[in-house]
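In this note's numbering, the protein residues as written are 241 to 510.
This is the structure we're talking about:
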């Protein structure tokens with residue numbers, strides 16, 4: 241599961257997209273722009289920029305970040321490749337450097353459901369297994385993706401050398417538990433429409449790109465099944481809510497993108 245709190249969209253390492261060069265939200269062929277054209281090892285400037293944006297490492301000097309970077313290896317994956325699978329030994333932590341990834345868990349029905357979406361700067365992996373020896377979720381690349389990986393022994397050395405990082409790791413774990421409790425409460429006390437609206441606003445904050453006219457573009461291949469997993473609902477219920485939001489002019493969407501056209505009205509739905 242990803243590190244909390246997430247970096248905002250202004251902090252992401254992904255290269256900005258020229259709004260004038262991209263089609264407006266109403267046109268339905270907006271492509272997903274991968275940060276990496278082909279699988280490759282992450283360049284040193286990218287690694288350093290991403291490490292500086294990880295909340296866990298906030299306040300560390302450039303030399304300290306270089307020391308951390310030297311203990312990491314950079315790896316890359318193609319779209320839909322697993323970074324790791326549920327049940328595998330939880331021996332590493334990852335920092336997403338470029339691209340997008342999704343965390344999935346297997347539901348009682350046997351279907352994989354999305355529980356989180358990961359962006360550059362997100363920390364995930366062994367830190368969030370809560371002491372369990374194996375991963376409880378699968379993480380897959382949503383586009384060409386590269387990440388930095390460090391083994392747990394090397395990370396423990398970092399915690400020893402930098403007590404402030406250790407305290408932040410503890411705070412991060414506590415925040416994840418609080419978020420999990422909040423999600424359970426929301427699923428039992430809110431409607432599907434409210435949960436969909438909350439999720440879309442959260443995704444806009446994390447992945448959104450501002451467009452002319454006040455719209456926010458979420459450029460992700462997000463299916464109704466993905467949204468259902470994130471909102472504790474069914475694909476059919478999510479489809480009905482999304483269709484109504486689109487009919488009301490609050491959102492627009494295509495196969496690999498969603499645009500929030502009227503954020504105020506969407507927020508009023510929550």
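Built from N, CA and C at the ideal position, the CB exists for glycine as well.
Quick caveat: nothing in here was measured; it's all calculated off a predicted structure.
Asked	Found
7 Å Cβ shell around residue 465 - same chain, five flanking residues per side excluded	475
Secondary structure of residue 365, DSSP reduced to three states	strand
Residue 288 beta carbon less than 8 Å from that of residue 320	no
Euclidean distance between Cα positions of residue 499 and residue 383	19 Å
Nearest-angstrom Cβ-Cβ length linking residue 392 and residue 359, presumed shorter than 8 Å	That belief does not hold up - the Cβ atoms of residue 392 and residue 359 are roughly 23 Å apart, past 8 Å.
Buried versus exposed, by CB contacts within 10 Å (16 or more), residue 495	exposed
Which of helix, strand or coil DSSP assigns to residue 386	strand
Assumed close pair residue 357, residue 443 - CB separation to whole angstroms, cut-off 8 Å	7 Å
Close-in-space but distant-in-sequence residues of the same chain around residue 254 (CB under 8 Å, 5 per side omitted)	Residue confidence is low: residue 254 scores 39 on pLDDT, short of 50, so the model does not pin down where it sits. No coordinate-derived value is stated.
Helix, strand or coil at residue 254 according to DSSP, with G and I counted as helix	Residue placement at residue 254 cannot be trusted, given a pLDDT of 39 that sits under 50; the coordinates are not used to answer.
Cβ pair residue 471, residue 435 closer than 8 Å	yes
For residue 328 and residue 346, the rounded distance between their alpha carbons	14 Å
Proximal residues to residue 426 (C-beta, below 7 Å), its chain only, five neighbours per side dropped	435
DSSP beta-bridge partners of residue 391	332
Exposure of residue 377, with buried meaning 16 or more beta-carbon neighbours within 10 Å	buried
Beta-carbon proximity list for residue 311, same chain, < 6 Å, skipping 5 on both sides	390, 394
Which residues DSSP lists as bridging residue 338, in chain order	386
Neighbourhood of residue 433 by C-beta distance below 7 Å, restricted to the same chain and skipping five residues each side	481, 509
Min CB distance residue 412 to chain B below 8 Å	Going by chain labels, chain B is absent from the structure shown, which holds only one protein chain.
Straight-line gap, residue 355 to residue 333 (C-alpha atoms, nearest Å)	18 Å
For residue 292, the three-state DSSP class (helix, strand or coil)	helix
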